[in-house]
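Peer 1:
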Amino acid sequence: MELALFIITALVTVGAAVAMVLSHNAVHSALWLVLNFFGVAILYLLLNAPFLAMVQITVYAGAIMVLFLFVIMLLGSEKGQEEVNGLPWQTPVALVLAVVLVSIAGYAVFVSPTPALATQSGAAGTSTLTIGAPDEVARSLFTTYLLPFEITSVLLLVALIGAVVLTLKSREGDRA
Amino acid sequence: MDFWIRLITQVIVAFILFLATTTAFAYLTLFERRLLARLQNRVGPNRAGPGGMFQPLADAVKLFFKEEITPTQADKVVYTIAPALAMIPAIVLFAVIPFGAYLDLSFLLGEAARIVPLQLADINVGVLFLLAVTSIGVYGVALGGWSSNNKYSMLGGIRAAAQMVSYELALGLSVLVAIMLTITPTTQAAADASLCSQIFGATPVESISALSTCRIVESQGGWWNIFKPTGLLAFGIFWLASTAEVVRAPFDLVEAEQELVGGFNTEYSSMKFALFFMAEYIKLIAISAIGVTLFLGGWRGPGVDLLYSLGYTNLGGLVSLGYFLLKLIAFLFFSVWVRATLPRFKYNQLMDLGWKRLLPMSLGLVAATAVFAVITQDMNPYIAGLFGAFRR
Numbered sequence: 001m002e003l004a005l006f007i008i009t010a011l012v013t014v015g016a017a018v019a020m021v022l023s024h025n026a027v028h029s030a031l032w033l034v035l036n037f038f039g040v041a042i043l044y045l046l047l048n049a050p051f052l053a054m055v056q057i058t059v060y061a062g063a064i065m066v067l068f069l070f071v072i073m074l075l076g077s078e079k080g081q082e083e084v085n086g087l088p089w090q091t092p093v094a095l096v097l098a099v100v101l102v103s104i105a106g107y108a109v110f111v112s113p114t115p116a117l118a119t120q121s122g123a124a125g126t127s128t129l130t131i132g133a134p135d136e137v138a139r140s141l142f143t144t145y146l147l148p149f150e151i152t153s154v155l156l157l158v159a160l161i162g163a164v165v166l167t168l169k170s171r172e173g174d175r176a
Numbered sequence: 177m178d179f180w181i182r183l184i185t186q187v188i189v190a191f192i193l194f195l196a197t198t199t200a201f202a203y204l205t206l207f208e209r210r211l212l213a214r215l216q217n218r219v220g221p222n223r224a225g226p227g228g229m230f231q232p233l234a235d236a237v238k239l240f241f242k243e244e245i246t247p248t249q250a251d252k253v254v255y256t257i258a259p260a261l262a263m264i265p266a267i268v269l270f271a272v273i274p275f276g277a278y279l280d281l282s283f284l285l286g287e288a289a290r291i292v293p294l295q296l297a298d299i300n301v302g303v304l305f306l307l308a309v310t311s312i313g314v315y316g317v318a319l320g321g322w323s324s325n326n327k328y329s330m331l332g333g334i335r336a337a338a339q340m341v342s343y344e345l346a347l348g349l350s351v352l353v354a355i356m357l358t359i360t361p362t363t364q365a366a367a368d369a370s371l372c373s374q375i376f377g378a379t380p381v382e383s384i385s386a387l388s389t390c391r392i393v394e395s396q397g398g399w400w401n402i403f404k405p406t407g408l409l410a411f412g413i414f415w416l417a418s419t420a421e422v423v424r425a426p427f428d429l430v431e432a433e434q435e436l437v438g439g440f441n442t443e444y445s446s447m448k449f450a451l452f453f454m455a456e457y458i459k460l461i462a463i464s465a466i467g468v469t470l471f472l473g474g475w476r477g478p479g480v481d482l483l484y485s486l487g488y489t490n491l492g493g494l495v496s497l498g499y500f501l502l503k504l505i506a507f508l509f510f511s512v513w514v515r516a517t518l519p520r521f522k523y524n525q526l527m528d529l530g531w532k533r534l535l536p537m538s539l540g541l542v543a544a545t546a547v548f549a550v551i552t553q554d555m556n557p558y559i560a561g562l563f564g565a566f567r568r
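Line order of the protein sequences matches chains A and B.
My numbering applies: residue 1 is where the first sequence begins, and numbers increase by one.
My numbering applies: residue 177 is where the second sequence begins, and numbers increase by one.
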């Protein structure tokens, strides 16, 4: 049952990702990407991480992609231009890198021994059932990983203030 | 086998819920039109059936037989799926809302139906689920506006996208206050004795989460969240932000007819238009039900617990459902009242309110809730209950 669900979700996710790249209309691309995010969220659910799944939908599908769509619609740039390959050297490099990525992923999945995740976390004292539950995530974020968490939040705050400062400057320029 | 029985039961319950929601939508339109009319000293639609009871039916027939038009320059696929994209999230929201406590249908369906919860599902990320589904509700409106290939529609769609993203933050933070005020059991014995465990089966105490909607209602047995000092303010912010989130008056700039002809749905007709219309009202019902659940004590009310403890399970269940519906109707009444009273905001006022007022206020409120919870944790439980619980 879980396997069937995984296969369907994985196919939809990968299909949506491919369709996003191949689509010529920017709005359609954005919509395929949203579908892709949903697939990933369902995969998180299958991995017993409901908190991550919900945050994935709220933040990526619900906020970031809405802003993307907003910008695309506002600029009216959804119709793709005639295809001109501005970076001709990029295609072979991308191909080589893609082959490398696929072979590494293939090695990791099929050749190298996979650690038994269930027994590992079981030994650490938490059952795999609750490991992705909101309380568990909160507990580890605010105890074990407090410093990285706070540093990330400061980094985001800096970016936020930076964005505000940049818009303020350009507005003063308009007035002058 | 057990799995399939559960699946079939859930599908049936979901279907009943779906029918109930769409019926509620139909009568909400009548309720709104009659009430708006009374508030404006008119009579309102009262010709179809006794007191206008068949008016929604007449409207439905009219919409069915209208000509369906698709603009030639429209993006056909997106234009067609946009109404569905608006409708689905609105309905899905009802999946985790507790409409009442539980019923005992064992006399009808045998021992397996000893406890029938009046809630489709109780998940440990219930509130996050609600926020996630609310946040994707914008796609229908934004895409409907874009795909019509009409500049007024697109302006409506763009406004919708910007408005919903702006008010989501304040909405999420005000919901967070309600979660912080929720007290969940801390020992396994208390968890086993708690109402939600009785309804949905026993759970280990460490997997109980204050994000579950059932737990939120359960913890409002003493004080409803709205009667707690921070809860009252959070409710005010929640109400404003949710009204903006469902783009209702006074925040209905998405369909400001003076400026945008008809708004994002200008090009839509017949059933596609009807779907947008339905989505709007069902979202209003859903967000009101969320407000009732988070702040007004859900199905809690005087006498429910007494009826259950006396053994009148079904009576208690029905009374709890009645309390929930009563609060929901009060909430909807208020919403219509506001629509009849307040003029529409200007766009810059809308953005100012969201970003410069509600967001800082709700951030401060979250901080204040945390501080109060820590200060009062060792005081008299009666006072501590007023400010939420601090759990170690």
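Note that beta-carbon positions come from the ideal geometry of N, C-alpha and C, so glycine has one too.
At the level of alpha carbons, what is the spacing between Phe-305 of chain B and Met-54 of chain A?
Peer 2: Mapped onto the second sequence, residue 305 of chain B falls at position 129. Mapped onto the first sequence, residue 54 of chain A falls at position 54. Near 6 Å, if we compare the C-alpha coordinates of Met-54 of chain A and Phe-305 of chain B.
Peer 1: Going by DSSP, what residue range makes up the alpha helix (DSSP H) through Gly-412 of chain B?
Peer 2: Sequence index remark: in the second sequence, residue 412 of chain B carries index 236 (1-based). It spans 405 to 421 - the alpha helix (DSSP H) in which Gly-412 of chain B sits, taken as one unbroken run.
Peer 1: Express the C-alpha separation of Ala-10 of chain A and Ala-4 of chain A in angstroms, rounding to a whole number.
Peer 2: Translated into positions along the first sequence, residue 4 of chain A becomes position 4. Translated into positions along the first sequence, residue 10 of chain A becomes position 10. Going by the C-alpha atoms only, they are around 10 Å apart.
Peer 1: With Thr-9 of chain A as the anchor, note down where its alpha helix (DSSP H) starts and where it stops.
Peer 2: In the first sequence, residue 9 of chain A corresponds to position 9, counting from 1. Unbroken alpha helix (DSSP H) run through Thr-9 of chain A: 2 to 22.
Peer 1: Under a three-way DSSP split, which group does Val-292 of chain B fall into?
Peer 2: As a first step, residue 292 of chain B is located in the second sequence; it is residue number 116 there, counting from the start. Correct three-state label for Val-292 of chain B: strand.
Peer 1: Say whether chain B places a C-beta atom closer than 9 Å to the C-beta of His-24 of chain A.
Peer 2: Position 24 of the first sequence, counting from 1, holds the residue named residue 24 of chain A. So, not an interface residue.
Peer 1: Would DSSP call Arg-470 of chain B helix, strand or coil?
Peer 2: Position 294 of the second sequence, counted from the first residue, corresponds to residue 470 of chain B. Before going further, note that residue 470 of chain B is Leu rather than Arg in the sequence given. Three-state DSSP puts Leu-470 of chain B in a helix.
Peer 1: Starting from Glu-344 of chain B, trace the alpha helix (DSSP H) in both directions and tell me its first and last residue.
Peer 2: Residue numbering aside, residue 344 of chain B sits at position 168 when the second sequence is read from its first letter. That run of the alpha helix (DSSP H) goes 327 to 356.
Peer 1: Which term fits Pro-88 of chain A, buried or exposed, when burial requires 16 or more other beta carbons within 10 angstroms of its beta carbon?
Peer 2: Translated into positions along the first sequence, residue 88 of chain A becomes position 88. Flag for Pro-88 of chain A reads exposed.
Peer 1: I'd like the span of the alpha helix (DSSP H) that includes Lys-503 of chain B, first residue to last.
Peer 2: Within the second sequence, residue 503 of chain B is the residue found at index 327, counting from 1. Where Lys-503 of chain B is concerned, the enclosing alpha helix (DSSP H) stretches over 489 to 517.
Peer 1: Restricting to Cα atoms, I'd like to know which of B:Val-268, B:Val-303, B:Gly-530 and B:Ile-184 is closest to Thr-419 of chain B.
Peer 2: By 1-based counting over the second sequence, the position of residue 419 of chain B is 243. Residue B:Gly-530 is the option with its Cα nearest to Thr-419 of chain B.
Peer 1: Mind reading off the beta-carbon distance from Ile-359 of chain B to Ser-395 of chain B? Whole number of angstroms is fine, and I expect it under 8 Å.
Peer 2: Locating residue 359 of chain B in the second sequence gives position 183, counting from the first residue. Locating residue 395 of chain B in the second sequence gives position 219, counting from the first residue. Yes, they are in contact, since the Cβ atoms of Ile-359 of chain B and Ser-395 of chain B sit about 4 Å apart, within 8 Å.
Peer 1: Could you tell me the distance, in whole angstroms, from the CA atom of Ile-402 of chain B to the CA atom of Val-27 of chain A?
Peer 2: Along the second sequence, one-based indexing puts residue 402 of chain B at 226. Along the first sequence, one-based indexing puts residue 27 of chain A at 27. C-alpha separation (whole angstroms): 42 Å.
Peer 1: Taking Cβ-Cβ distances shorter than 7 Å, what residues in chain B pair up with Leu-69 of chain A?
Peer 2: Indexing the first sequence from 1 puts residue 69 of chain A at position 69. Going along chain B in sequence order, the residues near Leu-69 of chain A (Cβ under 7 Å) are Ala-318 and Ala-337.
Peer 1: So that I know if they touch, is there some Cβ in chain B lying closer than 9 Å to that of Leu-168 of chain A?
Peer 2: Here the question's residue 168 of chain A lines up with position 168 in the first sequence. No, no contact with chain B.
Peer 1: Report yes or no: do three or more beta-carbon pairs, one from the segment 309 to 328 of chain B and one from the segment 231 to 238 of chain B, lie closer than 8 Å?
Peer 2: With the cut-off at 8 Å, the segment 309 to 328 of chain B and the segment 231 to 238 of chain B do not touch.
Peer 1: Buried or exposed: Ser-485 of chain B, going by 16 or more other Cβ atoms within 10 Å of its Cβ?
Peer 2: The count along the second sequence starts at 1 and reaches residue 485 of chain B at position 309. Classification of Ser-485 of chain B: exposed, given that the 10 Å Cβ count is below 16.
Peer 1: Do Thr-197 of chain B and Ile-267 of chain B count as a contact pair if the criterion is CB distance below 9 Å?
Peer 2: In the second sequence, the residue the question calls residue 267 of chain B occupies position 91. In the second sequence, the residue the question calls residue 197 of chain B occupies position 21. Yes, the Cβ-Cβ distance between Ile-267 of chain B and Thr-197 of chain B is below 9 Å.
Peer 1: Between which two residues does the alpha helix (DSSP H) harbouring Ala-366 of chain B extend?
Peer 2: Position 190 of the second sequence, counted from the first residue, corresponds to residue 366 of chain B. 364 to 369 is the span of the alpha helix (DSSP H), which, as asked, contains Ala-366 of chain B.
Peer 1: Can you find the residues in the same chain that come closer than 8 Å, C-beta to C-beta, to Ile-254 of chain B, ignoring five residues on each side of it along the sequence?
Peer 2: By 1-based counting over the second sequence, the position of residue 254 of chain B is 78. Here residue 254 of chain B turns out to be Val, not Ile, going by the sequence shown. The residues are Leu-319, Trp-322 and Ser-323.
Peer 1: Find out if the Cβ-Cβ distance for the pair Glu-158 of chain B, Arg-515 of chain B is shorter than 9 Å.
Peer 2: The shown model of chain B, from 177 to 568, leaves out residue 158 of chain B, and the question about it has no answer.
Peer 1: To the nearest angstrom, report how far apart Ala-250 of chain B and Asn-325 of chain B are at their CA atoms.
Peer 2: Looking up residue 250 of chain B in the second sequence gives position 74. Looking up residue 325 of chain B in the second sequence gives position 149. Distance between the alpha carbons of Ala-250 of chain B and Asn-325 of chain B is about 5 Å.
Peer 1: Please name the residue, chosen from A:Val-100, A:Ile-64, A:Glu-150 and A:Asn-48, that lies closest to Phe-37 of chain A on a Cα-to-Cα basis.
Peer 2: Position 37 of the first sequence, counted from the first residue, corresponds to residue 37 of chain A. Of the listed residues, the one whose Cα sits closest to Phe-37 of chain A is A:Ile-64.
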